[in-house]
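Undergrad: For the sequence shown, the residue numbers in our numbering are 42 to 199.
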Amino acid sequence: DSLNRLQAHLARNDPDRYAIVHIIGQADPALTEALKTLRLPHRAHGRIRDHARLAGILALCDVLLTCSTEDNWPNVLVEAGSYGVAPVVGPGHGCEEFARLYDTGTIAAAYTPEAFGRALADLVARLPDAAARAAAAARIRADHDPATLAAAFLRLAA
């Protein structure tokens with residue numbers, strides 16, 4: 042329903058823009074069927090083991106929609122964020138904390154299709170410019186650099 046709302050928002054407010062949905066990982070078959078019904082262009086990539094291929098797909102994207110209620114600090118936010126992709130996340134856990142810490146993306150008000158639809162449309166309407174996205178990406182990369190993480194771990198273990 043969130044993607045349906047995005048499609049309607051673009052048709053009403055910005056008919057020259059369009060969405061292409063990239064599905065990475067194992068998706069519920071109902072999602073693919075819904076995308077066909079909505080006639081939203083989409084690519085189901087499946088699980089990607091080749092980092093260069095994943096980086097190439099993320100470089101094409103502006104927004105990451107992750108409706109997880111369970112992840113605390115998912116790798117997908119780090120990976121997408123390191124390429125300047127702005128997330129739409131739900132409230133109340135590490136995904137929200139990530140979006141706030143890096144001042145990127147937007148946080149849905151609730152775990153409902155309506156709330157995610159509004160958040161997605163809001164983010165698309167006000168996508169950060171290239172400089173803001175690059176600044177967030179640089180911070181995310183620096184904070185998640187293996188040497189930085191190892192040094193922080195060693196300080197804790199000392």
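For glycine and all other residues, C-beta sits at the position ideal for the given N, C-alpha and C. Keep in mind it's a predicted model, so treat the numbers as computed, not measured.
If you follow the beta strand (DSSP E) that LEU105 is in, where does it begin and where does it stop?
TA: 104-106
Undergrad: Do you know how far the Cα of GLY66 is from the Cα of ALA162?
TA: 24 angstroms
Undergrad: Is ILE148 helix, strand or coil when you go by DSSP?
TA: Strand at ILE148.
Undergrad: Does DSSP put ALA60 in a helix, a strand or coil?
TA: coil
Undergrad: Select from ILE181, ILE89, GLU155 the residue whose C-alpha is nearest the C-alpha of ALA49.
TA: Of the listed residues, the one whose Cα sits closest to ALA49 is GLU155.
Undergrad: From what residue to what residue does the beta strand (DSSP E) around PRO128 run?
TA: 127-130
Undergrad: Among SER109, ALA149, GLY97, ALA166, which one has its Cα closest to the Cα of HIS63?
TA: GLY97
Undergrad: Check the DSSP bridge columns for ALA85 and list the partner residues they point to.
TA: ILE64
Undergrad: Are at least three pairs of beta-carbons, each pair with one atom in the segment 169-179 and one in the segment 122-133, less than 8 angstroms apart?
TA: yes
Undergrad: Identify the continuous alpha helix (DSSP H) that holds HIS50 and give its terminal residues.
TA: 43-54
Undergrad: With a threshold of 8 angstroms, are at least 3 pairs of Cβ atoms found where one atom belongs to the segment 107-120 and the other to the segment 131-140?
TA: yes
Undergrad: From what residue to what residue does the alpha helix (DSSP H) around PRO70 run?
TA: First-last of the alpha helix (DSSP H) with PRO70: 70-79.
Undergrad: Are the beta-carbon atoms belonging to LEU164 and THR147 less than 7 angstroms from one another?
TA: yes
Undergrad: For a quick check, are the C-beta atoms of SER43 and PHE157 less than 7 angstroms apart?
TA: yes
Undergrad: May I have the straight-line CA-CA distance separating ALA160 from ALA171, to the nearest angstrom?
TA: 20 angstroms
Undergrad: Quick one: Cα of VAL104 to Cα of ILE61, how far?
TA: 10 angstroms
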